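Residues in the sequence shown are numbered from 97 upward in steps of one, following the numbering used here.
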Amino acid sequence: YFSLLIAISDTFSSLQPTYFPGFAFSWLCLVSHRLFMPKLLLSENREGWSAFHKLLLSLFKFLAPFLKEADLQLASRDLYRGSLRLLLVLLHDFPEFLSEYYFGLCDAVPPHCIQLRNIILSAFPMSIILPDPHLRNIKFDSIPEMGPIPPILSDFASRLKSADLRNNLDQYLLNHGTPSFLTTLKDRSRLPGVPESSTELYNLSLINSLVMYIGVSSVAQAKARSGSSVFVASDPGIVAL
Numbered sequence: 097y098f099s100l101l102i103a104i105s106d107t108f109s110s111l112q113p114t115y116f117p118g119f120a121f122s123w124l125c126l127v128s129h130r131l132f133m134p135k136l137l138l139s140e141n142r143e144g145w146s147a148f149h150k151l152l153l154s155l156f157k158f159l160a161p162f163l164k165e166a167d168l169q170l171a172s173r174d175l176y177r178g179s180l181r182l183l184l185v186l187l188h189d190f191p192e193f194l195s196e197y198y199f200g201l202c203d204a205v206p207p208h209c210i211q212l213r214n215i216i217l218s219a220f221p222m223s224i225i226l227p228d229p230h231l232r233n234i235k236f237d238s239i240p241e242m243g244p245i246p247p248i249l250s251d252f253a254s255r256l257k258s259a260d261l262r263n264n265l266d267q268y269l270l271n272h273g274t275p276s277f278l279t280t281l282k283d284r285s286r287l288p289g290v291p292e293s294s295t296e297l298y299n300l301s302l303i304n305s306l307v308m309y310i311g312v313s314s315v316a317q318a319k320a321r322s323g324s325s326v327f328v329a330s331d332p333g334i335v336a337l
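Here it is as structure tokens:
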């Protein structure tokens, strides 16, 4: 049964809206159907999560050019609302999916789509009880839930490999890099061939990957050194950020 769901998911991926725009509304209804989406996300050992994550990325990839416009057309507005409702269903029924794939999903959402991003970022596992935000003098370091490093299923290091930054960044984070690395890092984050007058000078996806990779590496170094995940201001990663 699960192999059939994966086969259907692969078919949906082949029929994604980028390839068949006229099928976009029907496609969204199919991927969010109660006999498909919940079955895939409730699969054993979360084996269906990556397949549905791929479908969501396909949806956001198609929506991105339309969402860059200030005034949405009727069709694109309806598709946006449908996507919004899909995320709300995931937030209510499968918050762990959103919280563990948040990096890849937020990276696919255009920067100015605050509502979509906030829904994704507001997800947290059902097993966690959030502290009362109205409490005074709360020390986040003392909260037990702050100890474990949350799982991140998105491959945030892939863009660093494709940009040939991974090895140099690792050397810098281990205090083995050259002082000029940060300067070159800024230059290599720029989009090639983009004029200075453009509103998009930098590769935001690459910057997102850099920030995430540096953050994860810095936390791992801090825990290995002192057992605490608290950042140290003098660490190379914090200086880079």
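Glycine included, each C-beta is placed from N, C-alpha and C at the ideal position.
Remember, predicted model here, so these are calculated numbers, not experimental data.
Candidates SER322, LEU281, ASP260: closest to VAL335 by CA position: Cα-wise, what sits closest to VAL335 is LEU281.
Beta-carbon proximity check, LEU137 vs PHE190, cutoff 8 angstroms: Yes; because the gap between Cβ atoms is below 8 angstroms, this pair is in contact.
Collapsed DSSP secondary structure at ARG286 in the structure displayed: In the structure shown, ARG286 sits in a strand (DSSP, three-state: E or B).
Sub-8 angstroms separation of LEU126 and PHE108 beta-carbons: Yes, they are a contact pair.
Residue(s) in a DSSP beta bridge with TYR298: TYR298 is bridged to ARG286.
Nonlocal neighbours in the same chain, by C-beta distance under 7 angstroms from LEU152, ignoring five residues either side: Same-chain partners within the cutoff: LEU201.
Every unbroken beta strand (DSSP E) inside the region 139-200 [3 residues or more]: If only uninterrupted beta strand (DSSP E) runs of at least 3 residues are considered, none is enclosed by the region 139-200.
LEU186 and PHE193 closer than 8 angstroms at C-beta: Going by C-beta atoms, LEU186 is nearer than 8 angstroms to PHE193.
Separation of GLN267 from SER285, as counted between CA atoms: Answer to the nearest angstrom: the Cα atoms are 18 angstroms apart.
Euclidean distance between Cα positions of ASP260 and ARG130: Their backbone Cα atoms lie some 42 angstroms apart in a straight line.
Extent of the continuous alpha helix (DSSP H) run through GLY333: Here the alpha helix (DSSP H) through GLY333 covers 332-336.
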